[in-house]
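See below for the structure under consideration.
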Amino acid sequence: MIKYFIYCRKSSEDEERQVLSIEAQLAELREFAKQNGLFIVREYTESKTAKEPGREIFNQMLSEIEKGNAEGILAWNPDRLARNSVDGGRVIYLVDTEKIRSLKFPTFWFEATPQGKFMLSVAFGQAKYYTDNLRENILRGIRQKIRRGELSAKAPLGYFNEPRLRTIEPDKKTFNKVKEILRAFATGNYTLTQIQDKMFSLGLVGSRSGKKMPLSSVEHILKNPFYYGHFLYRGELHQGSHKPMIAKKLFDQIQQALKDNGKPRKKRKEKKEFMFLNFARCGECGYCVTADRKIKKSGKEYVYYFCTKKSKIQKCSQHRFLREEVLVEQVKEQCQKVSLPDVWRERYFDKLKIWENENRQTSDLFAQNLKKEISAIKAKLERLTDAYLAEALELAEFQQTKNALMAEKKTKEEKLSDFERKGNHWLELTRNWIIETNQAKNLALQDNFSEMKNYLKKIGSNRRLAAGRLEINFKKPFNFLAKLPAEARGKAPSKATNSIWWT
Ligand SMILES: [Zn+2]
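Anchor point for the sequence shown: position 5 equals 471 in this note's numbering, and the numbering is continuous, going up by one each time.
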């Protein structure tokens, strides 16, 4: 087996500025060696010009070869070995005397024939030879840098630049905080200024000022694809090598929330001290129900909910002030109405297991299809890059198409990994439904009103108050529970209720 030395060189000369860095050469050569099964015994690196003879490390390497410690050299290009006739001549002489039995270059094909040696000497002699490979070198250089994540330059908030490895790593102090912010914004319940305040309260501040982060920076963070694993470089999306913070799905929700944020919205007078504010509307006129507190002569304080009567078209006749204690009881009652008894939970879990088995087969097919679609996009991306490199496409057109394809690929990949993790989505939903509705019972038992409120908000629409009664339209499949007669709840599910549920 031929033993190889790797030799990498780059000088600070102007004309070598475009040449791959030593690190990049090393990375490419190691990969080349791996692909071609080359046995590497040592790596030499040198930062000197090859125009003049007399490079120390290069000379060391050649004397090791003369001693027979290796019979081959792997370098990026002949111009890395020599750019003058003396050094070039030495290499060729070692080939002639069979001290060197193999020379390998990823960018140049060499064979120890008279013709090959002639080509090599031409390569060594041509000072400007490297310009022919300039384009290739630049492209590879960029690729290498992107691989290292170097081109994204400054790590965004939540990450830091690891100086030694030149990678971008999660920053323990801020990673989870930024994640919290992103998740919060994705709910759509925050405006930019509110999220700015939340960031400030978490200690995420402007790097120089130490004050609130400027809104433009906040927006930039919310729009940065870096957080889901890509990064933008010169208008082009690239696959990053860093650990993503969020899923692309969440990123998409954030973008939607940003869009919705731009739309004018009604001013909310949010008084947080009233628990059920913004919970229900008036059942008659449809306007907001508001709250106020009154202190009785006894000194006891009561909270009341009542219609704001803002409608000018329809005169609302609701005069009733509903006391919070009364409302709270009704909330509890509603919550119990849509909770699943324990006996039912076990039955439903059994049925779910049967469904899961039935579904496994169809799922495989679904995953296969997704995989096919993903590889089709990958193929498209490759063809696109080829077309761009062959100058058949304008840069703008290339970038636009590429970004769209990258985003589409990510969505599909996420769908696939979601799917592989969760199995079939609706089965998961059903499982969650069983657990959630079963737990709703406990919320009511624990008097956990803020959770009850959230639960009812989530599963019920058109929450309204009229004549002192709370009414809710429950969404499917929660409405099924709400319709159950009270006496059915204590017993095991009957055939009749089952058939409603199964369908
Ligand atoms: Zn009203």
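All C-beta atoms, glycine included, are put in the ideal place defined by N, C-alpha and C. Since we're looking at a predicted model, the values are computed, not measured.
_For the pair the region 469-478 and the region 491-500, tell me if three or more CB-CB distances fall below 8 Å._
Segments in contact, yes.
*asked:* Taking 6 Å as the limit, name every residue whose beta carbon sits nearer than that to some heavy atom of ligand 1, in sequence order.
replied: C748, E750, C751, Y753, C773, K775, C782 and Q784
*Pick from R849, L560 and Y510 that is closest to G534, judged by C-alpha positions*: Reading the sequence shown from its first residue, position 68 is the one you call residue 534. When each option's Cα is compared against that of G534, the closest is L560.
*Backbone CA spacing between Q866 and F944 [nearest angstrom]*: The sequence position of residue 866 within the sequence shown is 400, counting from 1. The sequence position of residue 944 within the sequence shown is 478, counting from 1. So the two alpha carbons sit approximately 44 Å from each other.
*Assigned exposure category for R630 - 16 Cβ within 10 Å defines buried*: Position 164 of the sequence shown, counting from 1, holds the residue named residue 630. Exposed, by the Cβ-count rule.
_Applying the 10 Å Cβ sphere with the 16-neighbour rule, what's the burial state of H704?_
In the sequence shown, counting from the first residue as 1, residue 704 sits at position 238. Counting Cβ neighbours within 10 Å, H704 comes out buried, since at least 16 surround it.
*asked:* So if DSSP puts Q429 in a beta bridge, which residue, or which two residues, is it bridged to?
replied: Because residue 429 is not part of the residues shown, which for the chain are 467 to 969, the question remains open.
*Report the residue from I468, A858, L882 and N823 whose alpha carbon sits nearest the alpha carbon of L893.*
One-based indexing of the sequence shown puts residue 893 at position 427. L893 has its Cα closest to that of N823, out of I468, A858, L882 and N823.
*Could you tell me which residues DSSP pairs with V755 in its beta bridges?*
As a first step, residue 755 is located in the sequence shown; it is residue number 289 there, counting from the start. Answer is C773, bridged to V755.
*Straight-line CA distance for E848 to K876?*
Position 382 of the sequence shown, counted from the start, is the residue given in the question as residue 848. Position 410 of the sequence shown, counted from the start, is the residue given in the question as residue 876. Each residue's alpha carbon lies about 16 Å from the other.
*Output the distance between the C-alpha atoms of K838 and E497, rounded to the nearest integer angstrom.*
The residue labelled residue 838 in the question sits at position 372 within the sequence shown. The residue labelled residue 497 in the question sits at position 31 within the sequence shown. Using only the alpha carbons, I get a separation of about 28 Å.
*asked:* At the level of alpha carbons, what is the spacing between L527 and L547?
replied: Position 61 of the sequence shown, counting from 1, holds the residue named residue 527. Position 81 of the sequence shown, counting from 1, holds the residue named residue 547. Checking the sequence shown, residue 527 turns out to be Met, not Leu. If I take the Cα positions, the gap works out to 11 Å.
_Opening and closing residue of the alpha helix (DSSP H) in which L724 lies_ = As a first step, residue 724 must be located in the sequence shown, where it is residue number 258. Start and end: K714 to G728.
*Give the C-beta separation of A650 and Q802 to the nearest angstrom, bearing in mind that I take them to be a contact with Cβ-Cβ under 8 Å.*
Within the sequence shown, the letter at position 184 stands for residue 650. Within the sequence shown, the letter at position 336 stands for residue 802. Rounded, the Cβ-Cβ distance is 30 Å, inconsistent with contact.
*In whole angstroms, what is the alpha-carbon distance linking A567 and G538?*
Taking the sequence shown and counting its residues from 1, the one referred to as residue 567 is at position 101. Taking the sequence shown and counting its residues from 1, the one referred to as residue 538 is at position 72. Sequence inspection shows Arg at residue 567; the Ala mentioned does not correspond to that position. Their Cα atoms are separated by approximately 6 Å.
_Any alpha helix (DSSP H) of 4 or more consecutive residues that is wholly inside the region 631-699_ = 641-652, 658-667 and 681-688
*Nearest to P564 by CA position, among N835, K715, M467 and A578, is which residue?*
Within the sequence shown, numbered from 1, the residue matching residue 564 stands at position 98. In the sequence under discussion, the amino acid at residue 564 is Glu, which differs from the Pro named in the question. Per the Cα distances, A578.
*Run of the beta strand (DSSP E) containing T511, from where it starts to where it stops*: Along the sequence shown, one-based indexing puts residue 511 at 45. T511 -> beta strand (DSSP E) spans F505 to E512.
*Out of curiosity, what's the CA-to-CA distance linking F815 and A845?*
For the purposes of this step, residue 815 is identified with residue 349 of the sequence shown, where counting begins at 1. For the purposes of this step, residue 845 is identified with residue 379 of the sequence shown, where counting begins at 1. Each residue's alpha carbon lies about 43 Å from the other.
*Rounded Cβ spacing between A932 and E799 (contact assumed at less than 8 Å)*: Here residue 932 refers to the residue found at position 466 when the sequence shown is read from its first residue. Here residue 799 refers to the residue found at position 333 when the sequence shown is read from its first residue. Actually they are not in contact, since the Cβ atoms of A932 and E799 sit about 16 Å apart, beyond 8 Å.
_Whole-angstrom distance between Q834 and I938, CA atom to CA atom_ = Stepping through the sequence shown from its first residue, residue 938 is reached at position 472. Stepping through the sequence shown from its first residue, residue 834 is reached at position 368. Computed Cα separation, rounded: 42 Å.
*What number of angstroms, rounded off, separates the C-alpha of E791 from the C-alpha of M665?*
The residue given as residue 791 occupies position 325 in the sequence shown. The residue given as residue 665 occupies position 199 in the sequence shown. Answer to the nearest angstrom: the Cα atoms are 36 Å apart.
_Option in W821, L698, I820 and T633 with minimal Cα separation from K709_ = Position 243 of the sequence shown, counted from the first residue, corresponds to residue 709. Per the Cα distances, T633.
*asked:* Here's the rule I'm using: 16 or more other beta-carbon atoms within 10 Å means buried, otherwise exposed. How should T896 be labelled?
replied: As a working note, residue 896 is residue 430 in the sequence shown. Result: buried.
_Residues in the same chain with beta-carbon distance under 6 Å from L569, minus the five sequence neighbours each way, listed in chain order, please._
Here residue 569 refers to the residue found at position 103 when the sequence shown is read from its first residue. Around L569: I539 and F576.
*Alpha carbon of T515 to alpha carbon of Q501, nearest angstrom*: Numbered from its first residue, the sequence shown carries residue 515 at position 49. Numbered from its first residue, the sequence shown carries residue 501 at position 35. In this structure, the alpha-carbon of T515 lies about 29 Å from that of Q501.
*asked:* Taking the beta carbon of N928 as the centre, do at least 16 other beta carbons fall within 10 Å, making it buried, or is it exposed?
replied: The residue labelled residue 928 in the question sits at position 462 within the sequence shown. Burial call: exposed.
*How should V809 be labelled, buried or exposed, when 16 other C-beta atoms within 10 angstroms of its C-beta is the threshold for buried?*
Counted from its first residue, the sequence shown places residue 809 at position 343. The residue is exposed, with fewer than 16 neighbouring Cβ atoms inside 10 Å.
*asked:* For I761, which residues in the same chain have their Cβ closer than 6 Å to its Cβ, ignoring the five residues on either side in sequence?
replied: In the sequence shown, residue 761 corresponds to position 295, counting from 1. Only E767 meet the Cβ criterion.
*Below 8 Å CB to CB, which residues in the same chain sit around P951 once its five sequence neighbours on both sides are set aside?*
For the purposes of this step, residue 951 is taken as residue 485 along the sequence shown, with counting starting at 1. Same-chain partners within the cutoff: there are none.
*asked:* Comparing C-alpha positions only, which one of L668, K476, S829 and K583 sits nearest to D562?
replied: The residue given as residue 562 occupies position 96 in the sequence shown. Of L668, K476, S829 and K583, the residue nearest in Cα terms is K583.
*asked:* List, from N- to C-terminal side, the alpha helix (DSSP H) runs of 4 residues or more that fit wholly inside the region 914-954.
replied: 915-925 and 944-948
*So, are the CB atoms of I900 and L793 less than 9 Å apart?*
Taking the first residue of the sequence shown as position 1, residue 900 is located at position 434. Taking the first residue of the sequence shown as position 1, residue 793 is located at position 327. No, Cβ-Cβ distance for I900 and L793 is not below 9 Å.
*asked:* To the nearest angstrom, how far is the alpha carbon of N898 from that of D758?
replied: Counting from one through the sequence shown, the residue named residue 898 turns up at place 432. Counting from one through the sequence shown, the residue named residue 758 turns up at place 292. Approximately 37 Å between the Cα atoms of the pair.
*DSSP on Q865, reduced to helix/strand/coil?*
By one-based count along the sequence shown, residue 865 stands at place 399. Correct three-state label for Q865: helix.
*F590 to E530 span [Cα, whole Å]*: Reading the sequence shown from its first residue, position 124 is the one you call residue 590. Reading the sequence shown from its first residue, position 64 is the one you call residue 530. Between F590 and E530, the C-alpha separation is close to 21 Å.
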